[in-house]
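Count along the sequence shown starting at 1, add 482, and that's the number in the numbering used here. All C-beta atoms in this analysis are idealised placements derived from N, C-alpha and C, irrespective of residue type, glycine included. Keep in mind the model is a prediction, meaning the values are calculated, not measured. Everything below concerns the one structure shown next.
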Amino acid sequence: MLIAKEPFQMSTLLERTKSVQELKKRAAGKTPANPAEVAEAKKVLKRLYSWDEIPEWQRDNDYILHGYVRETCSFVETFKSLFYMHNESVNIYSHLIPALGFFTVLLLDKSTIKVFETTTWKDHMIIDLFYSGAFACLILSSSFHCLKSHSLRIATLGNKLDYLGICILIVTSMTSILYYGYYEKFSLFCLFALITVSFGIACSIVTLKDKFRKREWRPYRAGLLFALDYPPSFQYSAVFTATLFQKSGRRSNYFGCCLGVFYI
Numbered sequence: 483m484l485i486a487k488e489p490f491q492m493s494t495l496l497e498r499t500k501s502v503q504e505l506k507k508r509a510a511g512k513t514p515a516n517p518a519e520v521a522e523a524k525k526v527l528k529r530l531y532s533w534d535e536i537p538e539w540q541r542d543n544d545y546i547l548h549g550y551v552r553e554t555c556s557f558v559e560t561f562k563s564l565f566y567m568h569n570e571s572v573n574i575y576s577h578l579i580p581a582l583g584f585f586t587v588l589l590l591d592k593s594t595i596k597v598f599e600t601t602t603w604k605d606h607m608i609i610d611l612f613y614s615g616a617f618a619c620l621i622l623s624s625s626f627h628c629l630k631s632h633s634l635r636i637a638t639l640g641n642k643l644d645y646l647g648i649c650i651l652i653v654t655s656m657t658s659i660l661y662y663g664y665y666e667k668f669s670l671f672c673l674f675a676l677i678t679v680s681f682g683i684a685c686s687i688v689t690l691k692d693k694f695r696k697r698e699w700r701p702y703r704a705g706l707l708f709a710l711d712y713p714p715s716f717q718y719s720a721v722f723t724a725t726l727f728q729k730s731g732r733r734s735n736y737f738g739c740c741l742g743v744f745y746i
């Protein structure tokens with residue numbers, strides 16, 4: 483890890499100037515200020531910073547050394563980062579665009595999905611459950627990557643919601659596959675869905691703890707999500723023999739294994 487002099491904290495200057503707008507006026511020479519304060523304001527208003535120019539709490543990845551949006555303490559300034567490139571831009575838009583896509587499909591699925599005589603409200607509910615889970619995961623992750631430069635408090639909350647979104651997606655997608663995989667055996671679906679939801683709730687509770695977001699817990703975070711992902715896959719194996727020659731059972735085992743692999 484690079485060792486550098488602790489950088490100037492933007493929140494300290496904001497407390498003195500009250501707003502980012504005041505900083506801009508000071509940097510432009512529109513308000514009385516000595517040269518040192520003008521230089522300080524310009525430094526704070528710079529868009530992108532390197533590793534040694536950001537506060538300690540923002541130093542999360544030793545391999546990303548440039549392109550940071552430093553602590554803004556302003557939602558307006560944070561949202562402005564959507565309109566220029568920085569080291570979170572890809573993370574933001576790779577989640578935001580699909581999130582809007584899933585939300586659109588969620589709104590239109592009642593009119594676009596073909597309905598058969600055997601289609602019931604449960605079929606629509608399960609489909610909507612998957613779309614809702616995907617939307618929740620992607621929009622929470624996008625929001626986290628956008629807002630993490632606001633402050634330590636907001637970044638901490640966003641990080642928790644980011645992992646909560648992953649738990650939601652795993653549970654909703656697994657439940658959807660279980661439903662259609664064991665369509666002819668509704669009791670098995672209820673049993674496995676209950677197990678999956680129980681694992682999801684336990685994992686969600688852990689992800690909301692402050693200790694979980696620390697850097698040294700990164701391997702354990704991955705392991706926890708791995709543990710959430712694979713118990714449903716073992717459920718498929720448990721009944722693999724009984725469902726091997728049933729069409730829905732073969733589909734369930736195949737897609738369940740694929741889901742487990744690609745989630746990792």
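Any 3 or more C-beta pairs closer than 8 Å across the region 664-678 and the region 621-632: Verdict: no, contact absent.
Meets three-Cβ-pair contact criterion under 8 Å: the region 561-569 and the region 616-623: Segments in contact, no.
Residue 595 versus 582, 609, 579, 583, residue with shortest Cα-Cα distance: Taking only the C-alpha atoms, the option nearest residue 595 is 609.
Sequence-distant residues of the same chain with beta carbon closer than 8 Å to residue 682, five excluded per side: Contacts found: 649, 650, 652, 653, 710.
Three-state class that DSSP yields for residue 702 in the structure shown: Three-state result, residue 702: helix.
Backbone CA spacing between residue 607 and residue 693 [nearest angstrom]: In a straight line, the C-alpha of residue 607 is about 36 Å away from that of residue 693.
Euclidean distance between Cα positions of residue 691 and residue 699: If I take the Cα positions, the gap works out to 12 Å.
Test item: CB-CB of residue 613 and residue 584 under 7 Å: Their beta carbons are under 7 Å apart, which means residue 613 touches residue 584 by this criterion.
Per-residue DSSP class, three states only, for residue 550: DSSP places residue 550 in strand when its eight states are reduced to three.
Nearest neighbour of residue 547, chosen from 617, 536, 554 [CA to CA]: When each option's Cα is compared against that of residue 547, the closest is 536.
Backbone CA spacing between residue 556 and residue 576 [nearest angstrom]: Here the C-alpha atom of residue 556 lies approximately 24 Å from the C-alpha atom of residue 576.
Under 7 Å between C-beta atoms of residue 686 and residue 646: In contact: residue 686 and residue 646 (Cβ atoms closer than 7 Å).
8 Å contact criterion, which residue 660 and residue 684 should meet: CB distance rounded: At roughly 18 Å, the Cβ-Cβ gap does not stay under 8 Å, so residue 660 and residue 684 are not in contact.
Rounded straight-line distance, which links the Cα of residue 627 to that of residue 591: Distance between the alpha carbons of residue 591 and residue 627 is about 29 Å.
Same chain only: Cβ atoms within 8 Å of residue 561, ignoring 5 sequence neighbours per side: Excluding residues within five positions, the ones whose Cβ falls inside 8 Å are 628.
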